[in-house]
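Residue numbers (this note's numbering), protein chains in the order written: chain A, 797 to 914; chain B, 180 to 671; chain C, 74 to 560.
First the structure, in the form of structure tokens, and then the observations on it.
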């Protein structure tokens, strides 16, 4: 039962993927990208949680006989990096969409492919 | 000098900082100069690092030891590739200045030309980082850095369809990288560490050769599958290569000189680093090699057939690029072929540079690259001679290094008694000759009624490539020995 | 294992001498006396050098050296009897070829003659390199290079026709060599570890019988320059080129390279005894050239274009040589070699005389030749003599070689071969005499303008040289026999 969070992470992943691959509007694809990357965040952070543990704050005076178990902070740190990377990707994506709009005056994929085929 | 100890970091940071400097100098020529000087310095450092390579000295950032800190490790697998990539970039900058001005930056706002060089250097940093790092998450970060810069580089060009291609590349590349990230998460969950050598130690201790029945094995298999899928998607290996065809066929060909030459090399490096250094290769090898062999056979037949059927010389060259990946896969799936694989990759990479440079010269002058409608190239005798060399080289006709590689592939297949693959490679060679004939017909024998163009751009780059071709032919023996020596030291 | 340095140097210097001829056209003006003098003197020196090498060989020297070494594959050269015969033939034919080609180019106002001459010389030198090759991979590499070098010559003047011809030419030659010849070479190298030619063959115990037969067929069909049916299509397609190219390359260098490579494979890779053992029961291999002979004879009768008839007659004669080689006896191989040389001389005379006709009258079809004897008596006489030689009438070259072939076939009691050769001679008589009929047809013209005077002297001299060789072939054949005794 405690693994249900992973199920939800996969759900978010598949949702994001679906939106990315089947949307007609480029902006919606970027939204899908954001959702897709959020699922990975869920996955990692869920990995870090140790059952019965508290937040990893420095309450113990000596590390050797500490009565508390601490969750791992490492995935949080990794995910900070991943959030930044996702943010940068979205920025590049949006810039590309802007350029596409300036060039084609539409951001609908079907319209553009139709135009290109003619 | 204590700076020498920091070579692994310097190799990655020099292009990084010079990218920042390039972005800050708002002048085209200065940024080109900064880029060239930086890459020259990087090449020298890489050479020196390769020379004094001693048994994979690890380099810890900030003196945080592994497995906590981020570790860079230069060994015989990645240092030669680093030297080679720096060489390719140097070639791109030195000999391509005129072509860059005419084919790529002409279509960018005048005030932003210097940004192109800084983007290029960022991409270069990313690739170098992917090669040098020994930490899985760092690996992912650098993959993303290089990809972001590559997405933008690909979107530049004469054809506005390049933007669409770049966007598609962004979508699918990010999916691939995220799959790799998920697999890294699984590795972290299984072993608790992010350092490649540490992961492989833990996996060996826990699993060793006794693999059946352990519950964590399922997680390991999932992790491996995610990683390989992500890598294959990202590097556009068959069967997930469709986006690459669309993206590459719209972009400026000269940019592809750098990107196509490097991406397949990097893809194979990623898979090798993963297979040989992270997981226990024996665990995965047999099912993976069957899968690879199937993919290779289909790629060889399909891509060479599609190349023959194409009506556009750019598409022909792009399909031939995809075809070489088929050969690489075939060799990857055969156990004793590791040295040959790297020889193939390097020689083929030089080949791609030649073809795309040729294409860039032609596309500079004409828009229509259809083989029946292409304009005749007149009065450019040196161009025709160099083009003849490059096409001969690419077609693996005798007296070229590609021919020697092809003989070795044939021999390997015979010795391993792989008759089906042998026949498939022969069929692929047949299609190869046919589509090279089409290329030659378009370049040398176009119909005069379609119009006439003259190649006026600087041919220094082509000269350099042809010289490199002849050089690899004459020193083939030494190159083969050196690569074999390095491969045996790194992978065994 | 290499011979002492001075002897190596002799071969290298001979080749370098020949290579001077490659660059000479670029530095001299078109149609200048300097160019002709330079090219001819170099080719005569080359011929002398080759004669010296022949002499050294007869007196027992052995020359072998390796140029490039990559693992078990190496580019190596050595002299041995078969190769020396081919080399001498090429060196002897180079002189009249240059004489004819230089003047043909200027007379017919063909542009870009430096490039043309460069590639013609290149092809001849590559033929010489094949003659000297010491192992399979060298032979293959130079074989492919020869194909590539002939391409610019065929499309020297390009239009739709030449491009279509070139397409077929390249496809058949390159595809067959990459699909059949190269894999066969690689199989030999990987199974045995070496491909160096050894007199008497070296693959005897490495392959099973059916695998060996399959390998032999790969070699024979892969070496498609020998124009066996069905891979003969490149030869008629290549007739779109101009006359000097068709003559030299497709009657002398390219096709003879094909024959030569097959002979080398038969003798130095397989070995005659092994082949006799493989085909012990019934020698069905001779059926392949027989089919080619019958097919090409029928095709030659069909066509009305001069060059097509000559092309199919070449295919015919090549298969006669092959049939003799496929008898797998020393006499058969000797007869095949002699036929190779005799056919070169006869064919080159035929093509050059036809080239003379073309230069003056633009003759493409047989009907254009009507009564040309009146205007060009000397050329017609040479054409007559070479035709007689081709058909096999004594005392000319063709008769001598066909006689040897018949003798070799009779020794084997191979009735099929004898029958096929007789039929082939009959058919060649038909179509060649048809041409002669047109040439010598009495035509009522008022003025006999001796157009022949317009032709440059050099073209004549080269024709005369060749026809002398055809007539005095008996002595040439004696010299060849000296070499053949070494095998």
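The beta-carbon is built from N, C-alpha and C at its ideal position, and this holds for glycine as well.
{"Check": "Should residue 323/C go down as buried or exposed, given a rule of 16 or more other Cβ atoms within 10 Å for buried?", "Outcome": "buried"}
{"Check": "Could you pull the DSSP bridge partners for residue 147/C from this structure?", "Outcome": "142/C"}
{"Check": "Taking CB distances under 7 Å as the criterion, tell me whether residue 424/B reaches chain A.", "Outcome": "no"}
{"Check": "How would you label residue 391/B, buried or exposed, when you count the other beta carbons within 10 angstroms and need 16 or more for buried?", "Outcome": "With a pLDDT of 47 at residue 391/B, under the threshold of 50, the modelled position of that residue is not reliable, and no figure is offered here."}
{"Check": "At which residue ranges does the region 393 to 458 of chain B contain complete alpha helix (DSSP H) runs of 4 or more residues, listed in the order of the chain?", "Outcome": "395 to 413, 421 to 429, 432 to 451"}
{"Check": "Chain F partners of residue 605/B, CB-CB under 8 Å?", "Outcome": "Judged by its chain identifiers, the structure shown contains no chain F, and its protein chains are A, B and C."}
{"Check": "Report the partner residues of residue 313/B according to the DSSP bridge assignment.", "Outcome": "Partner(s): none; residue 313/B has no beta bridge."}
{"Check": "Quick check on residue 484/C: buried or exposed, where buried means 16 or more other Cβ atoms within 10 Å of its Cβ?", "Outcome": "exposed"}
{"Check": "How should residue 294/B be labelled, buried or exposed, when 16 other C-beta atoms within 10 angstroms of its C-beta is the threshold for buried?", "Outcome": "buried"}
{"Check": "Counting only C-beta atoms, is residue 590/B closer than 7 Å to chain C at any point?", "Outcome": "yes"}
{"Check": "The alpha helix (DSSP H) spanning residue 894/A covers which residue range?", "Outcome": "870 to 900"}
{"Check": "DSSP beta-bridge partners for residue 549/B?", "Outcome": "491/B"}
{"Check": "Select from 209/B, 196/B, 437/B the residue whose C-alpha is nearest the C-alpha of residue 274/B.", "Outcome": "437/B"}
{"Check": "Scan the region 352 to 370 of chain B for residues whose Cβ lies nearer than 8 Å to a Cβ of chain A and list them as they occur along the chain.", "Outcome": "353, 354, 357, 360, 361, 364, 367, 368"}
{"Check": "Are the C-beta atoms of residue 837/A and some chain B residue less than 7 Å apart?", "Outcome": "no"}
{"Check": "CA-CA distance, residue 390/C and residue 257/B?", "Outcome": "60 Å"}
{"Check": "Against residue 843/A, what residues of chain B qualify as contacts under a CB-to-CB distance less than 8 Å, listed in chain order?", "Outcome": "364, 367, 368"}
{"Check": "Exposed or buried, what is residue 818/A when buried is set at 16 or more other beta-carbons lying within 10 Å of its beta-carbon?", "Outcome": "exposed"}
{"Check": "In the DSSP assignment, what are the bridge partners of residue 269/C?", "Outcome": "208/C"}
{"Check": "Could you give the residue range of the beta strand (DSSP E) that holds residue 252/B?", "Outcome": "250 to 252"}
{"Check": "Would you list, in sequence order, the uninterrupted alpha helix (DSSP H) runs of no fewer than 4 residues that lie entirely inside the region 341 to 374 of chain C?", "Outcome": "345 to 351"}
{"Check": "Quick one: what's got a C-beta closer than 7 Å to residue 401/B's C-beta in the same chain, skipping five residues either side?", "Outcome": "365"}
{"Check": "What residues from chain B crowd round residue 797/A, counting only those whose CB sits closer than 7 Å?", "Outcome": "None at all; the shortest Cβ gap to chain B is about 17 Å."}
{"Check": "If we define contact as Cβ-Cβ less than 7 Å, is residue 297/B a contact residue for chain C?", "Outcome": "no"}
{"Check": "In terms of alpha-carbon separation, which member of 467/B, 422/B, 186/B, 429/B lies closest to residue 407/B?", "Outcome": "467/B"}
{"Check": "Closer than 7 Å by beta-carbon distance: list the chain B residues that pair up with residue 279/C, in chain order.", "Outcome": "Per Cβ cutoff of 7 Å: no residues; residue 279/C is ~13 Å from chain B at best."}
{"Check": "Tell me the rounded alpha-carbon separation between residue 382/B and residue 798/A.", "Outcome": "25 Å"}
{"Check": "Excluding sequence positions up to five away, which residues of its chain have a Cβ less than 7 Å from the Cβ of residue 213/C?", "Outcome": "254, 255, 258"}
{"Check": "What residues from the region 308 to 325 of chain B come within 9 Å of chain A, judged by C-beta to C-beta, listed N to C?", "Outcome": "316, 319, 320, 323, 324"}
{"Check": "Given residue 808/A, which residues of its chain have a CB within under 7 Å of its CB, disregarding the five upstream and five downstream residues?", "Outcome": "831, 834, 835, 838"}
{"Check": "Report buried or exposed for residue 265/B, applying the criterion of at least 16 other Cβ atoms within 10 angstroms of its Cβ.", "Outcome": "buried"}
{"Check": "DSSP on residue 555/B, reduced to helix/strand/coil?", "Outcome": "strand"}
{"Check": "If distances are taken between C-alpha atoms only, which option among 100/C, 490/C, 248/C comes closest to residue 357/C?", "Outcome": "490/C"}
{"Check": "Compile a chain-ordered list of the residues in the region 869 to 882 of chain A whose CB is closer than 7 Å to at least one CB of chain B.", "Outcome": "874, 877, 878, 881"}
{"Check": "Got a sec? Which residues, its chain only, sit under 6 Å from residue 504/B by beta carbon, not counting five neighbours each side?", "Outcome": "416, 443"}
{"Check": "With distances taken between CB atoms, is the gap from residue 361/C to residue 301/C smaller than 7 Å?", "Outcome": "yes"}
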